């Protein structure tokens, strides 16, 4: 296993209740895992905890990456080890996009990718995410994540709020990451992106801070689309 | 907490006996290196004026430029040699305006005179350096720049010091002819106990463009300046100030544009990074006269990097008549956690993330600069964002 989460309990700073309540998850090298669940179930919290965002406090459990516990590592140390994240709604950064692209390639000693492949050439001279459309944000965030050449890519709803053309480009980005040998944990709300992806290893459903279902993707998706998440809340599913 | 007063004891500094011109073959290496930090490359370019304390030690004007009619020399020499220069002397500035101006009028110790003849479009920048080397020296200089009708030029002035205590007063007058263009880049890098009082007056003729790009890497103990540009019909002025201050520096900067003619446009932009216990006042004044059809915009932005830092924005718009369109925006704040967290998740340490955000914040008005000087200015901004 390249990545493992064991009995993870997480609180957000300043709040008493747990957001994640005993999450268990393992991802093998080159595997693609999809995480679905209703709003507020803790999907984004899980990704942000994995990258080490300071407001998410691990109270119990551990996160292992390449056999090493990373609970106490700084975000930049985790990134250096090979964990990359594409945020769901990245904030505006008052820095020219091109400048940040240069900094990331320098930092990770990677090669620049053609902007055209992600249709972001017209954006690189602007401040990052300053007035970008939904699709522009997702494509740029995907591009920046790929630039890091991550061993584990965490993709937070890359398919929400984007047009069909952007969706195809983003899917191509994911395929590229897979070809490069990365493992992927992909959060999706409605599952649009799955139509574009050939290989998904497993689909997980998260309800109320816990992964309640892990199984073969087509079957799971079918259950979600037919019954909605309420099916999983009632405890009608078993681990597949 | 009361705001501190911008006070300086002008009489405690050494004004010397007279201005001097003791030229050397080459600028000594230590000064050359230091000047490089403020964008001055003595070994490059065909037009250079270099002054240390009261002494105009080095002037270079290659034949290529001389033959085209370009003049670079000390102001005293220009006044002695050309009667017509007197018509421009103390014309865009009032010598009685304040104590600092009066001191320059009474105790002038050189300063540069630059003349770009009409229709000449210079594609290389002229460089000037005002350097302070002696402890406790006062350096009151008078600079005069004339750009003839339809001419275009870029001037870079670097001001810096290797001594701790000193006073720098620069009275600078700019005359931009009809349809002429001047890009004036001024880079300051002072030591901690220097007081600085630049006084700048600019007259922009019909259809002329004046771009003032001011960078202050380190302001010294106090600095106070409010360059003023008066615009005639169709003229434009862009005044950008970028400043990083720390320690106990007391800074009062900005710009003023007087829209005298019709179809005039102007912008005053101030960006200020404030650290330590520094206090920065950003001023901007846009003022129209006689129902001029004018459009102006003012922007003051402060980025606070310490709990004891202080920033004050004072934008002022003054319109006469219905044809004026003046706007302003002001914002002061700290670096957002969200931005920091984002960059850290992308692999940057907290220090690197702060530096990246500061670098982005400093990047204003660069598009207005000619291609051939932009990279040099970028390097200066890079070094400012790195040493926080």
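Protein chains in written order, with my numbering: chain V, 1 to 240; chain X, 1001 to 1388.
All C-beta atoms, glycine included, are put in the ideal place defined by N, C-alpha and C.
Fair warning: this is a prediction, and the values are worked out from it, not measured in the lab.
- The stretch 1293-1310 of chain X and the stretch 1328-1343 of chain X touch, with three or more beta-carbon pairs separated by less than 8 Å.
- The residue among X/1219, X/1243, X/1213 and X/1320 with its C-alpha nearest the C-alpha of residue 1267 of chain X is X/1213.
- Under the criterion of beta carbons closer than 8 Å, residue 213 of chain V and residue 205 of chain V qualify as touching, at roughly 4 Å.
- In the DSSP secondary-structure assignment, residue 1331 of chain X is bridged to X/1301.
- Residue pairing by DSSP places residue 204 of chain V opposite V/35 and V/214 in a beta bridge.
- Counted as a single uninterrupted DSSP element, the stretch harbouring residue 195 of chain V is not any beta strand (DSSP E), since DSSP gives it neither H nor E.
- Under the three-state reduction of DSSP, residue 1003 of chain X is assigned to coil, being neither helix nor strand.
- DSSP places residue 1232 of chain X in no beta strand (DSSP E); its state is neither H nor E.
- With distances taken between CA atoms, residue 1231 of chain X lies nearest to X/1202 out of X/1202, X/1217 and X/1215.
- Of all residues in the stretch 109-132 of chain V, the ones placed with a Cβ closer than 8 Å to any Cβ belonging to chain X are 127, in chain order.
- Per DSSP, the continuous alpha helix (DSSP H) segment holding residue 168 of chain V begins and ends at 164-179.
- A Cβ of chain V is located within less than 7 Å of the beta carbon of residue 1342 of chain X.
- In the three-state scheme derived from DSSP, where H, G and I count as helix and E and B as strand, residue 1064 of chain X is classed as helix.
- Of all residues in the stretch 148-168 of chain V, the ones placed with a Cβ closer than 8 Å to any Cβ belonging to chain X are 148, in chain order.
- For residue 1364 of chain X, the three-state secondary structure derived from DSSP is coil.
- Nearest CB-CB separation between residue 79 of chain V and chain X: below the 7 Å threshold.
- In this structure, the straight-line span from the alpha carbon of residue 1032 of chain X to that of residue 1388 of chain X is close to 25 Å.
- Look at residue 222 of chain V here: in three-state DSSP terms it is helix.
- Taking 7 Å as the cut-off, the beta carbon of residue 1204 of chain X is found no closer than this to the beta carbon of residue 1171 of chain X.
- Taking C-beta atoms under 8 Å as the contact rule, residue 167 of chain V and residue 196 of chain V qualify, at a distance of about 7 Å.
- Taking 8 Å as the upper bound for CB-CB distance, residue 1150 of chain X and residue 1119 of chain X are in contact here, some 5 Å apart.
- Note on the stretch 1038-1102 of chain X: whole alpha helix (DSSP H) runs with a minimum of 4 residues are 1063-1066 and 1075-1081, in chain order.
- Contacts with chain X at 7 Å (Cβ-Cβ) include residue 76 of chain V.
- 48: these are the residues of the stretch 20-49 of chain V whose beta carbon lies less than 9 Å from some beta carbon of chain X, given in chain order.
- The Cβ atoms of residue 1262 of chain X and residue 1235 of chain X do not sit closer than 7 Å to each other.
- The beta carbons of residue 1174 of chain X and residue 1278 of chain X sit about 29 Å from each other, so the pair does not count as a contact at 8 Å.
- Contact of residue 1270 of chain X with chain V is not assigned, every C-beta pair being separated by 7 Å or more.
- Linking residue 1007 of chain X to residue 1336 of chain X through their CA atoms gives a straight-line distance of about 34 Å.
- Between the stretch 1142-1160 of chain X and the stretch 1111-1126 of chain X, the count of Cβ pairs shorter than 8 Å is three or higher; the stretches touch.
- Distance between residue 1067 of chain X and residue 1225 of chain X, taken at the CA atoms: about 36 Å.
- Using a 10 angstroms sphere on the CB of residue 1127 of chain X, the tally of other CB atoms reaches 16 or more, which defines it as buried.
- Listed along chain V, no residue sits closer than 7 Å to residue 1132 of chain X by beta-carbon distance, the nearest being about 34 Å off.
- Under the Cβ criterion of 7 Å, residue 1356 of chain X is counted among the residues facing chain V.
- Taking a Cβ-Cβ cut-off of 7 Å, residue 11 of chain V has no neighbours in chain X, whose nearest Cβ is about 17 Å from it.
- As a beta-bridge residue in DSSP terms, residue 1168 of chain X pairs with X/1139 and X/1196.
- Residue 1381 of chain X: member of the alpha helix (DSSP H) spanning 1371-1386, first to last residue.
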